[in-house]
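2 protein chains.
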Amino acid sequence: MTVSNTQPRPRGVTLEEVARLAGVSRATVSRVVNGSPRVSGDVRRSVETAVEKLGYVPNRAARSLVTRRSGSIAVVITEPTGRLFSDPFFPRLLRGISTTVAARDVQVVLLMPETIGDSQRTADYLVAGHVDGAILVSLHGDDPLPGRIIDARIATVVVGRPLRNRGVSYVDVDNRGGARNAVEDLIAGGRRVIASIGGPADMMASQDRLHGYRDALVAAGLGADPTLEAAADFTQDGGAAAMRQLLAARPDLDAVFAASDLMAAGAMSVLDAAGRRVPEDVAIVGYDDSPVAATARPPLTSVRQPIEEMGQESARLLLELVEDADRAPRRVILTTELIRRASSAGRAMP
Amino acid sequence: MTVSNTQPRPRGVTLEEVARLAGVSRATVSRVVNGSPRVSGDVRRSVETAVEKLGYVPNRAARSLVTRRSGSIAVVITEPTGRLFSDPFFPRLLRGISTTVAARDVQVVLLMPETIGDSQRTADYLVAGHVDGAILVSLHGDDPLPGRIIDARIATVVVGRPLRNRGVSYVDVDNRGGARNAVEDLIAGGRRVIASIGGPADMMASQDRLHGYRDALVAAGLGADPTLEAAADFTQDGGAAAMRQLLAARPDLDAVFAASDLMAAGAMSVLDAAGRRVPEDVAIVGYDDSPVAATARPPLTSVRQPIEEMGQESARLLLELVEDADRAPRRVILTTELIRRASSAGRAMP
DNA sequence: CGCATGTGTGAGAGCGCTCTCTTGACATGG
DNA sequence: CCATGTCAAGAGAGCGCTCTCACACATGCG
């Protein structure tokens with residue numbers, strides 16, 4: 001431990017002092033503080049008065065030491081780039097988690113490993129039992145972290161459907177359904193040659209969105225076509241590059257489904273440069289409903305995800321797991337909403 | 351505490367067990383683990399072997415109990431809306447903080463009070479000494495939190511210059527200088543009637559940016575003019591409303607300095623609707639260099655802030671304060687960078 | 001009235017660690 | 001040869017809390 005202690009720390013009010021003031025034993029004060037029913041009304045009141053008077057707050061370290069509970073959960077973010085740093089996904093998710101656990105007097109410990117070494121230390125930290133559970137956000141397929149902590153039987157909830165570790169609880173949005181809806185909307189608007197700009201293949205969200213895209217095409221009898229599918233990395237530049245590629249391969253395309261708003265924005269700039277008008281020549285829809293969607297010109301139709309709700313659900317699931325370690329894994333799938341804007345206006349609008 | 355314990359927690363390896371395996375006393379193992387120099391080479395090695403073999407990880411709760419240090423710091427986010435949820439400021443700041451404290455084996459506890467009641471509980475939590483220090487982010491002028499925790503002599507660093515509590519350490523960007531640079535650039539591009547769309551008046555960043563704007567005008571001999579100044583709330587809609595107001599009051603304006611990219615985007619859509627071309631008729635610069643700036647059409651010139659660095663510096667300052675509580679408050683002001691894009695192209699470009 | 005049962009409270013152990021104090025081994029000097 | 005100093009290592013207290021157990025007392029039943 002690198003922290004030396006030059007200064008004596010201020011010492012708080014202890015149970016002992018409260019007990020003395022209330023004229024009872026430590027045990028009784030503990031009972032009152034923890035809401036045990038085995039305390040008579042008078043004694044309870046006098047203890048509460050003493051607690052109030054002294055401004056007593058339990059020492060979490062002492063409590064943890066004996067209960068073997070930390071009263072905290074970890075939120076692990078292992079995403080070096082991408083959507084977590086390009087739209088408000090991350091703060092909104094944290095807010096959802098935070099509101100839910102705060103109500104239960106549980107703290108959130110934030111872990112953001114960057115290097116492999118960090119990731120090792122993060123796993124050690126979790127496995128050492130410093131927290132009661134962990135929420136894992138944005139996992140790539142090759143991440144060894146979830147496997148390690150699930151093996152260690154740490155209560156775990158994953159945000160986003162995990163590629164491996166099927167036995168774990170997770171919260172996800174219906175990426176496939178969201179994508180399908182978006183593409184169906186393009187078809188309803190009269191589009192027939194619809195391309196897809198997908199995300200990294202090692203992310204479940206990318207795969208699901210691609211499947212949803214194909215679902216819609218197949219359901220409409222259009223059929224999937226590899227020359228209409230390009231993959232990028234959720235970034236604007238990646239979206240632009242994919243768009244150039246698609247335009248070269250399929251100059252006849254009349255719509256694009258992009259698996260992120262940023263990629264959609266990149267695609268739009270390429271379409272603009274190529275002299276294709278949006279939405280007249282090419283309709284486009286994005287994903288995430290980020291600020292970029294609303295500020296784009298034309299404003300971008302996009303798939304909105306209930307992000308706060310994901311945070312809340314993941315926290316709720318984790319707290320359940322912490323309460324009862326033998327509980328079977330659960331999955332919560334939240335639905336998306338298509339936000340229609342000018343970029344995907346149909347050809348035959350009424 | 352609402353958490354009951356139905357399940358016995360797994361117990362970790364203790365110092366005692368390591369000591370037994372290494373054939374030394376608990377005290378010696380503690381010395382080795384904490385890097386005390388008062389241990390001979392052989393003993394140190396045998397202890398290290400035992401630690402390795404058993405996979406020993408210190409129990410933080412037990413350690414905290416005796417050292418009166420938690421080995422964690424709080425990051426308090428008190429911003430209900432605005433920039434924290436509209437651009438990647440927040441994740442990037444957290445990342446900066448996280449990398450710095452992780453290197454010192456200190457954890458980050460995230461606190462996001464939403465209601466007044468939450469804020470009370472947050473203050474109680476901090477004052478109770480559950481963390482060694484706190485980083486306060488995005489304070490409005492009327493927030494009672496910083497006053498309370500500074501009074502309680504909790505080590506505190508504020509991100510963004512605080513309106514009150516001048517005696518506290520803080521990290522800020524040179525908002526005034528950044529704004530001044532941006533406006534000077536507009537002037538250098540031949541603009542003469544330059545409007546400002548500011549942020550909320552109760553935020554220091556808003557005030558500083560407004561001052562920087564005026565500085566540049568005065569320095570160029572143009573002089574400040576209240577009819578060219580509008581205030582909004584950092585959002586796109588707010589920026590749009592402010593732009594309408596400015597256009598009505600000063601149809602002769604030829605440039606706009608917006609204190610956020612989102613407001614700039616709102617302003618651009620209004621200019622577009624009013625038939626003013628950007629940058630030909632009206633040049634515009636934003637602030638934050640968010641993804642919105644790069645995706646806007648035309649791409650938006652913007653002031654970039656070193657956000658990760660702010661996080662790192664604030665963490666560094668806080669750790670110093672934790673080490674030595676009597677250390678005098680320090681301020682760190684980081685410089686900004688103007689990212690030139692098409693939206694502010696000069697009139698007489700070479 | 002004696003015993004079983006229940007209920008409120010206290011005593012005390014002990015969670016895993018740090019840190020002071022003490023001991024013991026050895027080197028050095030007079 | 002003993003006094004003294006130095007340094008490694010151990011003994012043991014105690015951080016603030018929870019929780020088991022024991023106990024005192026009240027109540028119910030045969």
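Protein sequences, first through last, are from chains A and B.
What the first sequence shows, in the numbering used here, is residues 1 to 350, in sequence order.
What the second sequence shows, in the numbering used here, is residues 351 to 700, in sequence order.
Note that CB positions come from ideal geometry on N, CA and C, so glycine has one too.
Under 6 Å Cβ to Cβ from Val397(B), same chain only, skipping five residues before and after it: list those, please. Ala372, Val379, Val382
Jot down the residue ranges of each uninterrupted beta strand (DSSP E) in the segment 155 to 206 of chain A, minimum 3 residues, whole runs only, in chain order. 155 to 159, 169 to 173, 194 to 198
Against Gly336(B), what residues of chain A qualify as contacts under a CB-to-CB distance less than 9 Å, listed in chain order? Beyond the ends of chain B as shown, which are 351 and 700, falls residue 336(B); an answer cannot be given.
Report the CB separation of Ser693(B) from Gly539(B) in whole angstroms; it is logged as a contact under 8 Å. Between Gly539(B) and Ser693(B) the Cβ distance is about 11 Å, and since that is not below 8 Å, they are no contact.
Output the distance between the C-alpha atoms of Ala219(A) and Asn175(A), rounded to the nearest integer angstrom. 17 Å
So Asp558(B) contacts chain A; which residues on that side make the cut at Cβ distance below 7 Å? Result: empty, since nearest Cβ-Cβ is about 23 Å, beyond 7 Å.
Counting C-beta neighbours from all protein chains within 10 Å, is the total for Gly55(A) 16 or more, i.e. buried, or is it exposed? Sixteen is the threshold: since fewer than 16 other Cβ atoms of the shown chains lie within 10 Å of the Cβ of Gly55(A), the residue is exposed.
One or two residues paired with Arg559(B) in a DSSP bridge: Looking at the DSSP output, Arg559(B) bridges to nothing.
Cβ-Cβ distance between Asp392(B) and His490(B) below 8 Å: In this structure, Asp392(B) lies away from His490(B), with their beta-carbon atoms at least 8 Å apart.
Is Gln120(A) close to chain B? Criterion is C-beta to C-beta, closer than 8 Å. no
I think Gly446(B) touches Glu659(B), with their Cβ atoms under 8 Å apart; what is that distance to the nearest whole Å? The C-beta separation of Gly446(B) from Glu659(B) comes to about 6 Å, placing the pair in contact by the 8 Å criterion.
Is Leu460(B) closer than 8 Å to Val347(B) when the C-beta atoms are compared? A question about residue 347(B) goes unanswered here, because the residues of chain B that appear run from 351 up to 700.
Mind checking Pro226(A): buried by the 16 CB within 10 Å criterion, or exposed? exposed
At least three beta-carbon pairs within less than 8 Å, the segment 320 to 328 of chain A to the segment 145 to 158 of chain A: Short answer: they touch.
Thinking Asp604(B) and Arg559(B) are a contact (beta carbons under 8 Å), I'd like their distance in whole angstroms, please. With 8 Å as the limit, Asp604(B) and Arg559(B) do not qualify as a contact, their Cβ atoms being about 20 Å apart.
If you check the beta carbons only, do Gly177(A) and Thr335(A) fall under 8 Å apart? yes
Option in Ile500(B), Arg413(B), Ala643(B) with minimal Cα separation from Leu688(B): Ala643(B)
Roughly how many angstroms lie between the CA atoms of Thr122(A) and Arg627(B), to the nearest whole one? 52 Å
Between which two residues does the alpha helix (DSSP H) harbouring Phe439(B) extend? 439 to 452
Which residue from Arg26(A), Tyr287(A), Asp87(A), Ile194(A) puts its Cα closest to that of Arg340(A)? Tyr287(A)
Nearest-angstrom Cα distance between Met349(A) and Val282(A)? In this prediction, Met349(A) has a pLDDT of 46, which is less than 50 and means its spatial position is unreliable; what the coordinates show is noted afterwards. Answer to the nearest angstrom: the Cα atoms are 15 Å apart.
Using 8 Å as the threshold, is the C-beta distance between Pro679(B) and Val518(B) below it? yes
State yes or no: is the beta carbon of Pro291(A) nearer than 8 Å to at least one beta carbon in chain B? Among the residues facing chain B, Pro291(A) is included, as its CB has a counterpart in that chain under 8 Å away.
Cβ closer than 8 Å: which chain A residues qualify as neighbours of Leu444(B)? Leu110, Met112
Between the segment 41 to 75 of chain A and chain B, which residues of the former have a C-beta closer than 8 Å to a C-beta of the latter? Val57, Pro58, Asn59, Arg60, Ala61, Ala62, Arg63, Ser64, Leu65, Thr67, Arg68, Arg69, Ser70, Gly71, Ser72, Val75
According to DSSP, which residues form a beta bridge with Gly636(B)? Beta bridge pairing from DSSP links Gly636(B) with Ser652(B).
Answer yes or no: do Ser422(B) and Val481(B) have a C-beta to C-beta separation smaller than 8 Å? yes
Would you say the beta carbon of Asp324(A) is closer than 7 Å to some non-hydrogen atom of the ligand ADP? As presented, the structure is devoid of all ligands, the ligand ADP included, so that no description of it is given.
For Arg681(B), the residue or residues it bridges with in DSSP: According to DSSP, which records beta bridges pairwise, Arg681(B) is partnered with Tyr520(B).
Proximal residues of chain B, C-beta to C-beta of Leu262(A) below 8 Å: The CB of Leu262(A) comes closer than 8 Å to the CB of Pro641, Thr645 in chain B, given here in chain order.
Short CB-CB distance (under 8 Å) between Gln655(B) and chain A: False, the Cβ-Cβ gap to chain A never drops below 8 Å.
What did DSSP end up calling Val43(A) once you bin it into helix, strand or coil? helix
Let me know if Asn59(A) comes out buried or exposed under the rule of 16 or more other beta-carbons within 10 Å of its beta-carbon. buried
Given this structure, state the Cα-to-Cα distance separating Leu93(A) from Arg370(B), to the nearest angstrom. 46 Å
Along the beta strand (DSSP E) that carries Val75(A), what are the first and last residues, could you check? 72 to 77
Reducing DSSP to helix, strand and coil, say where Ala230(A) ends up. strand
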